[in-house]
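Plus 15 on top of the position in the sequence shown (first one is 1) and you've got the working numbering.
This report refers to the structure that appears directly beneath it.
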Amino acid sequence: MKKYLMGLLLTGLITQLTAQIRTISKQPAADKTISVKNLPGTAAYDFSNVKMCIDIKYTAGSLPPKPITGIPLPPKINADGSLAGTGSVQQPLSAQTAKMWMPGETVPVFLSPLNSTAFIRNKVQEFAHKWEQFANVRFQFVNDISAAKIKVSFENTRRSWSWIGRDILYNPFNYFTMNFGWFDSQTSDEEFRRVVEHEFGHALGFIHEHQSPVAGIPWDKEKVYAFFGGPPNNWSRSEIDFNIFSKYSKTSTNYSAYDPRSIMHYYFPPELTTDGSGGYSNNDFSSIDKSYAGIVYPFPPRPGNARGMLRTGDDCDMIDFTVEYNVVPSDKVEFVLELGQYNNRAMTWWKQIAVPRKNNAESVLWVQDNTKKAVVQVPAADIDKSKGIKFWKAKLLGVHTLLNYHWNVLPAIQGGCRMRLTWKNDSCS
Numbered sequence: 016m017k018k019y020l021m022g023l024l025l026t027g028l029i030t031q032l033t034a035q036i037r038t039i040s041k042q043p044a045a046d047k048t049i050s051v052k053n054l055p056g057t058a059a060y061d062f063s064n065v066k067m068c069i070d071i072k073y074t075a076g077s078l079p080p081k082p083i084t085g086i087p088l089p090p091k092i093n094a095d096g097s098l099a100g101t102g103s104v105q106q107p108l109s110a111q112t113a114k115m116w117m118p119g120e121t122v123p124v125f126l127s128p129l130n131s132t133a134f135i136r137n138k139v140q141e142f143a144h145k146w147e148q149f150a151n152v153r154f155q156f157v158n159d160i161s162a163a164k165i166k167v168s169f170e171n172t173r174r175s176w177s178w179i180g181r182d183i184l185y186n187p188f189n190y191f192t193m194n195f196g197w198f199d200s201q202t203s204d205e206e207f208r209r210v211v212e213h214e215f216g217h218a219l220g221f222i223h224e225h226q227s228p229v230a231g232i233p234w235d236k237e238k239v240y241a242f243f244g245g246p247p248n249n250w251s252r253s254e255i256d257f258n259i260f261s262k263y264s265k266t267s268t269n270y271s272a273y274d275p276r277s278i279m280h281y282y283f284p285p286e287l288t289t290d291g292s293g294g295y296s297n298n299d300f301s302s303i304d305k306s307y308a309g310i311v312y313p314f315p316p317r318p319g320n321a322r323g324m325l326r327t328g329d330d331c332d333m334i335d336f337t338v339e340y341n342v343v344p345s346d347k348v349e350f351v352l353e354l355g356q357y358n359n360r361a362m363t364w365w366k367q368i369a370v371p372r373k374n375n376a377e378s379v380l381w382v383q384d385n386t387k388k389a390v391v392q393v394p395a396a397d398i399d400k401s402k403g404i405k406f407w408k409a410k411l412l413g414v415h416t417l418l419n420y421h422w423n424v425l426p427a428i429q430g431g432c433r434m435r436l437t438w439k440n441d442s443c444s
């Protein structure tokens, strides 16, 4: 009898777990043939294109503690090109909750090839990376689902959703943690931007703006139940309570003032409120989104711009340099080599520099005669900072000669920098 009862119990648990999995990963497609619903006391209107982000209910275990780490600051560049150490700084933690990642963290992401195309996956990557302009977190897209923390599916359910922040770290059954429910080859860039920025906002730990503890939206609840209870959402009253009316605790969130223009805000018809507010359809970050993301995920302090002059030790060479921070895209470093002049003598002979890259590669810039300026942008992650920048010049009889001087400045260079080298003298005469 005990074995029989244990068998029944085990069967019940398996059935319940299977139902939970189906609820998360295989939600039924909406009936697209029904597009109009009469709300009590209002005119009929079309909501066939109202596609929703829903909150997924699940039981999370204990999250691992976040490490408290010192963030090394880049060295300061002295006027002679040498480097001076600046120590490290601890990133601020006051604006974070347990579900937020650490500033500077890289989060691996897997995009399922099922129900998606290369076009769709490339668009998701493009707009997910937009967060990196304002939040000090990186999304690294990987091809192995087991190496990913964020696991993205493309089930065509007309429902998109994401787990919130570090909740994904408790995922013993390897569920997908994000879904895009309506992308196809005809999806516009505006729609990709709106939905991808919203869902990856959840992945960063941001909640729905209308569920902010300070939102105070005057919902007309019976109309809301009628609206979201019909197609394409077909939600139960409990689902509507969870997705629309429930608010996060003030003690567990760090929130800005209510921002109806936030990318984390739902669109909802103004007829669903008692005072006619609402109606926002937000397609990009608001100004508050941008500033608040930088508060929650602050970038480390950057050194001031640097300038000075290099001497290679060969033929009285003089090379002016400037290094500027945060002037090009944050994932690139721009290098500029140009010919200058000294004592009214313009440089014309061939000059070259080589920027070391990983896997023994180099990015080469050269100038000569009428080609007075060369520019290249190098992926910041691809620069080999353990090596120095090399210098060449044409010497006697025009022979291209590698100089002994290497400039070991790259540990001070970050993504977003522009380095300008102006070779203004090459002779002691």
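For every residue, glycine included, the Cβ atom is placed at its ideal position computed from N, Cα and C.
Between Asn130 and Phe169 the beta-carbon gap is near 4 Å, inside 8 Å, which marks them as a contact.
Assignment of Ile368 by DSSP, reduced to helix, strand and coil, places it in the strand class. Contact between Val167 and Val122 is absent: CB atoms are separated by about 12 Å, not below the 8 Å threshold. In the structure shown, the three-state DSSP call for Ser306 is helix. Annotation for Asp329: Lys408, Leu418, Asn419 and Tyr420 place their beta carbon closer than 8 Å to its own, counting only its chain and skipping 5 residues before and after. Scanning its chain for C-beta atoms nearer than 8 Å, with the 5 sequence neighbours on each side dropped, one finds around Arg372 the residues Ser378, Val393, Asp397, Ile398 and Asp399, in chain order. Around the C-beta of Thr172, 16 or more other C-beta atoms lie within 10 Å, and the residue is accordingly described as buried. Straight across, the Cα-Cα distance linking Ile232 with His280 is about 12 Å. Residue state for Glu214 is assigned as helix, using DSSP reduced to three classes. In chain order, Pro123, Val124, Phe125 and Ala163 place their CB closer than 8 Å to the CB of Val157, counting only its own chain and leaving out the 5 sequence neighbours on each side. Nearest to Thr288 by alpha-carbon distance, out of Phe260, Asp304 and Ile310, is Phe260.
In this structure, the alpha-carbon of Glu120 lies about 28 Å from that of Phe198. Lys347 has its alpha-carbon roughly 16 Å from the corresponding atom of Leu380. Less than 8 Å divides the Cβ of Ile368 from the Cβ of Lys405. DSSP places Trp146 in the helix class (H, G or I) of the three-state scheme. A straight-line Cα-Cα distance of about 11 Å links Gly431 and Phe350. Annotation: the continuous alpha helix (DSSP H) that includes Ser253 extends over Arg252 to Ile255. Within the same chain, and ignoring the five residues on either side of Lys366 in sequence, the residues whose Cβ sits closer than 6 Å to its Cβ are Val382, Lys408 and Trp438. For Lys236, the enclosing alpha helix (DSSP H) covers residues Lys236 to Gly244. Apart from sequence neighbours up to five positions away, the residues of its chain that approach Phe314 with a beta-carbon distance below 7 Å are Asn151, ordered along the chain. Annotation: Trp178 to Ser345 spans about 27 Å, alpha carbon to alpha carbon. A distance below 6 Å between beta-carbons, with the five flanking residues on each side excluded, links Phe195 to the following residues of its chain, in chain order: Phe169 and Ser175. At a Cβ-Cβ threshold of 8 Å, Asp441 and Asp332 count as neighbours. Distance check between Ser97 and each of Ser444, Pro426 and Arg433 places Pro426 closest, using alpha-carbon atoms only. Note on Ser444: under 16 other CB atoms within 10 angstroms of its CB, so exposed under the neighbour-count rule. Counted as a single uninterrupted DSSP element, the beta strand (DSSP E) harbouring Asp335 occupies residues Met333 to Glu339.
When Val414, Thr192, Phe134 and Ala133 are compared, the shortest CA-CA separation from Ile160 is found for Thr192.
No Cβ-Cβ contact shorter than 8 Å links Val311 with Arg433. Per the C-alpha coordinates, the member of Pro187, Trp116, Asn189 and Glu206 positioned closest to Glu141 is Glu206. Taken through DSSP and simplified to helix, strand or coil, Gly413 comes out as helix. Of the residues assessed, Gly216 falls on the buried side of the cut-off, its CB having 16 or more other CB atoms within 10 angstroms. Rounded to the nearest whole angstrom, the CA to CA distance from Pro318 to Phe336 is 16 Å. For Leu352, the closest C-alpha among the options Val370, His213 and Tyr190 is that of Val370.
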